[in-house]
Amino acid sequence: MSEQITRIDQRIQGMATRLSRALDSNMRKSFLPDSHKELRRFNAAEAAGLIGVSLDHLRKQFFNDKIDLEVETDSRGRRWYTAQQIDLARRAIAQDSRAKKFQYLVPGRRDGDRLQVLSVTNFKGGAGKTTTAIHLAQKLALDGYRVLAIDLDPQASLTTMFGFRPEIEFAESGTIYDAIRYDDPVPIKEIVRETYFHNLDLAPAGLLLSEFETETAHALNNNVQPPFYQRLALCIGEIEANYDVVVIDCPPQLGFITLSALVASTGMIVTVVPSMLDVASMAQFLQLASSLLATIAQVGATPDWDFMKFLVTRFEPNDGPQTQMAAFLRTMFGDDVLTRTFVKSSAVSDAGLTQQTLYEVSRADFTRQTYDRAIESINGVVSEIEAHIQAAWGRKEA
Ligand SMILES: Nc1ncnc2c1ncn2[C@@H]1O[C@H](COP(=O)(O)OP(=O)(O)O)[C@@H](O)[C@H]1O
Ligand SMILES: [Mg+2]
Numbered sequence: 000m001s002e003q004i005t006r007i008d009q010r011i012q013g014m015a016t017r018l019s020r021a022l023d024s025n026m027r028k029s030f031l032p033d034s035h036k037e038l039r040r041f042n043a044a045e046a047a048g049l050i051g052v053s054l055d056h057l058r059k060q061f062f063n064d065k066i067d068l069e070v071e072t073d074s075r076g077r078r079w080y081t082a083q084q085i086d087l088a089r090r091a092i093a094q095d096s097r098a099k100k101f102q103y104l105v106p107g108r109r110d111g112d113r114l115q116v117l118s119v120t121n122f123k124g125g126a127g128k129t130t131t132a133i134h135l136a137q138k139l140a141l142d143g144y145r146v147l148a149i150d151l152d153p154q155a156s157l158t159t160m161f162g163f164r165p166e167i168e169f170a171e172s173g174t175i176y177d178a179i180r181y182d183d184p185v186p187i188k189e190i191v192r193e194t195y196f197h198n199l200d201l202a203p204a205g206l207l208l209s210e211f212e213t214e215t216a217h218a219l220n221n222n223v224q225p226p227f228y229q230r231l232a233l234c235i236g237e238i239e240a241n242y243d244v245v246v247i248d249c250p251p252q253l254g255f256i257t258l259s260a261l262v263a264s265t266g267m268i269v270t271v272v273p274s275m276l277d278v279a280s281m282a283q284f285l286q287l288a289s290s291l292l293a294t295i296a297q298v299g300a301t302p303d304w305d306f307m308k309f310l311v312t313r314f315e316p317n318d319g320p321q322t323q324m325a326a327f328l329r330t331m332f333g334d335d336v337l338t339r340t341f342v343k344s345s346a347v348s349d350a351g352l353t354q355q356t357l358y359e360v361s362r363a364d365f366t367r368q369t370y371d372r373a374i375e376s377i378n379g380v381v382s383e384i385e386a387h388i389q390a391a392w393g394r395k396e397a
């Protein structure tokens, strides 16, 4: 269900031009100058929330022995669920119930639904790509989707977030590079790993991945097949039956690696920090993306996206210039900007210090208000993206 739009490169070109012009005049007017990780357990309220039923409903299912799970119970009689148990409970409730609304609890693909491949991109480092990608991948996994995260950044921040040490563990091999390289590639399933996070696998990255950029220049000269822009898509095709959603964390450049992600994608999320410099850099990104996609389109590789959305990240709603910038983006791009924003929060950066996400840390470790505000924000973002995924599958309205 592609949005029937003019060619994507032309559409992006239009965005780039509009944005550059408006930025120009705007700028003049107003803007001057180690050990491997393990996932925690979740309490009953969290479990019910993730499954999408009331706490009461979840309790009743247990009393009626509808759900047969050995859930850990603490000294005060409170249950603590693993992510896997939450998923099993979800599937049991969906299966047991004749009510239609409960069938929606298991949200993944059905026959004929195409795999959703979502790329998180932007030119700049520090635009919140990796943070967004990992929260998106983890929340979709907790919600019951089968998720593959692909780290396409040679800096391998996403891989690090999963508790790996790429410079040691993947110095020689074991990354996505092995699957997409020109010389003796391996099947992608050999490098994909299960993670400590239920429903979430990882195709790791490492510094070696940067070789792909130089090797591609050589391969193009020698007409090596398949060409660079098909290689990632073909790899994903090999394992597509195992997943509902693939989340790709892109590097902060628009090289061959990012381009191959754009071609393999069914949806695009461009993160943008609402500051003057970031938005100006995004205008350049759109400009370049559009001309590169146009070049690839000439050889017949036109991306087929169900959606492309801008996500305002690291947003500080109390900061005047930022709110103005966010409003400006909405004026420019309307519905192409996600309604929800990912707020800047010390809960996110503090968790990040120990390579954790908001879904991994415990609420008790933070000021409640801080944690709640952050998690509400990212949950809102993910559920909006989820609605676009469901819409691409022809269910529910986005
Ligand atoms: N919503 C947020 N709130 C607070 N800090 C954030 C947020 N998003 C990202 N950061 C921090 O900003 C830095 C850069 O983010 P990152 O996601 O790595 O950007 P990118 O992948 O685009 O380079 C990281 O230190 C991260 O912890
Ligand atoms: Mg990154």
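The sequence shown begins at 0 in numbering that gives the first Met the number 0 and counts up one residue at a time.
Cβ coordinates follow ideal geometry from the N, Cα and C atoms, glycine included.
Predicted model, so just to flag it, every value in this text is computed and none were measured.
Beta-ladder partner(s) of D200, from DSSP: L147 and E193
Find the nearest neighbour of V278 within the set I7, M14, L199 and R6, judged by alpha-carbon distance. M14
What does a CB cutoff of less than 7 Å around A44 pick up in its chain, not counting 5 residues either side in sequence? L54
Is it a yes or a no for the stretch 165-172 touching the stretch 204-216, going by three-plus beta-carbon pairs under 8 Å? yes
Flag S280 as yes when its Cβ comes closer than 7 Å to any non-hydrogen atom of ligand 2, and as no otherwise. no
Indicate, with yes or no, if ligand 1 has a heavy atom lying under 7 Å from the CB of V146. no
Identify, in the order they occur along the chain, each residue of the same chain with its Cβ nearer than 6 Å to the Cβ of F284, setting aside the five sequence neighbours on each side. F122
Quick one: what's R78 bridged to in DSSP? T72
Would you kindly work out how many angstroms separate the C-alpha atoms of L18 and M331, rounded to a whole number? 7 Å
With 16 as the cutoff for other CB atoms within 10 Å, does K99 come out buried or exposed? exposed
Among residues of its own chain, excluding the 5 on either side of L233, which ones have a beta-carbon nearer than 8 Å to its beta-carbon? P225
Should S156 be listed as close to ligand 2, given that the test is whether its C-beta is under 7 Å from any heavy atom? yes
Minimum length 4: unbroken alpha helix (DSSP H) runs contained in the stretch 110-166: 128-141 and 156-160
Do V191 and D182 have their CB atoms nearer than 8 Å? no
Please report the straight-line C-alpha distance between L310 and Q368, rounded to a whole angstrom. 23 Å
Closest to D150 by CA distance: which of S118, F306 and G124 is it? S118
Suppose contacts are defined by Cβ-Cβ distances below 8 Å. Is I50 in contact with R109 by that definition? no
Would you kindly check if the distance between the Cβ of S348 and the Cβ of R39 is under 8 Å? no
Closer than 7 Å: is that where the CB of N121 sits relative to any heavy atom of ligand 1? yes
Enumerate in chain order the residues of its own chain whose CB-to-CB distance from R339 is below 6 Å, with the five nearest sequence positions on each side excluded. G379, V380 and E383
Same chain only: Cβ atoms within 7 Å of P32, ignoring 5 sequence neighbours per side: No answer about P32 holds up, because its pLDDT of 40 lies below 50 and its placement is not dependable.
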